[in-house]
Amino acid sequence: MNKRGLLYEGKAKKMYATDDPNLVLAEYIDQATALNGKKKVEIDHKGALNNQITSHIFGYLKTQGIASHFVDQISETEQLLKKVKIIPLEVVVRNLASGHFETKFDVPHLMRFEAPIVEFYYKSDALDDPFINDAQIIALKIASAEQIAELKAKALQVNEALIPFFKALKLTLVDFKLEFGLDENNQILLADEISPDTARLVDQTTHMSLDKDIFRKGLGDLIPAYEEVLKRIQDKENAD
Ligand code: C5P
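Numbering follows our numbering, in which position 72 of the sequence shown is assigned residue number 82; successive positions increment by one, without gaps.
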C-alpha cells in the first residue's frame with residue numbers, strides 16, 4: 011500500500027491518502043499537546059507507543075464485536091484505516107471524577123459514578139471544543155437524534171469492553187474520549203485513537219497516572235508510563 015499526499019495534519023497524527031480511495035494511512039507523530047494545543051512539545055517515541063497501544067486496543071475491540079475504522083498496523087508509527095467522514099464531536103465517557111468534571115463540579119478526585127457519564131464536546135480548535143448538548147447537536151445539524159442515541163450506545167459499549175481489558179492490566183479506566191466517523195454507507199464507525207493520550211488510566215497498586223495527565227500536570231516524563239501500558243498489554247496477550 012503506497013503512501014500518497016498528506017490529507018491533514020492533526021495534533022498527534024498525520025493522515026495520508028493511499029492508492030486505495032477507501033483507505034487512508036495515519037502516521038502517529040512524536041508530539042504532545044495540552045490545553046487544546048496551547049502547550050506543545052516534541053516527545054521522542056510517543057508516536058510509536060500510541061500507534062502500538064491504539065492498534066492493540068482496536069484489535070481487541072473488534073474481538074468484542076465493536077467495529078472501527080482500524081484495518082491494520084503497518085509499521086511502528088503507521089496504521090491503515092478505512093476512510094470515514096469524522097463527526098465533529100468528542101464523545102467523553104467518565105467512570106470516575108477527574109479532569110474537567112472534577113474542577114467544574116468541585117467533587118473529590120476519582121469519585122466513582124453509579125453509572126458512566128457520556129458527554130459531547132463540539133470539535134473546534136477555534137472555539138476550544140465547547141461542551142454541547144443533544145438539542146444543540148441537532149440544531150447545528152451535526153447529528154440526528156437517532157445518531158446521537160447510537161453514539162451514546164456505542165460509547166457505553168466501548169466502555170463495557172475496556173473496563174475489564176484494563177482491569178486485567180491492573181489499571182483503572184477513569185475516563186476517555188472517542189471519535190466516530192461515517193463510512194461510505196453512512197454507518198457510524200468508531201474512529202481516531204484510544205491511547206494514554208485520550209484515556210486516563212490509574213495504576214491499581216501505586217495509584218499513579220499512566221497517561222497524559224503526567225504531561226498536563228508537569229509531573230515528569232510520560233514515556234516510561236506509556237511504555238508500561240504497552241508492556242502490560244503485550245505481556246497479557248502473550249500469556250493468553
Ligand atoms: O479534560 P476532560 O476531563 O474533559 O477529559 C476527559 C477525557 O477525555 C480524558 O481521558 C482526556 O484524555 C480525554 N480528552 C481527549 N481530548 C480532548 C479532551 C479530552 O482525549 N480534546
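C-beta atoms are modelled at their ideal positions from N, C-alpha and C, and glycine is treated no differently.
- Remark: the C-beta of alanine 209 is in contact range of the ligand C5P, defined as less than 6 Å to any heavy atom.
- The Cβ atoms of phenylalanine 130 and leucine 99 lie closer than 7 Å to each other.
- CA-to-CA, the gap between histidine 66 and isoleucine 243 works out to about 8 Å.
- For valine 184 against leucine 106, the beta-carbon gap comes to about 5 Å, under 8 Å, which counts as contact.
- Contact annotation: the stretch 16-24 touches the stretch 32-47, with at least three C-beta pairs closer than 8 Å.
- Taking lysine 246 as reference, the option from Ile63, Asp29, Gly15 with the minimal CA-CA separation is Ile63.
- With fewer than 16 other Cβ atoms from the protein chains shown falling within 10 Å of its own Cβ, aspartate 135 counts as exposed.
- Its chain contains Phe130, Tyr132 as the residues whose beta carbon lies nearer than 6 Å to that of isoleucine 142, once the 5 sequence neighbours on both sides are disregarded; these appear in chain order.
- Glycine 228 is not a Cβ neighbour of valine 94, given a cutoff of 7 Å.
- Pairing glutamine 214 with lysine 180 gives a Cβ-Cβ distance under 7 Å.
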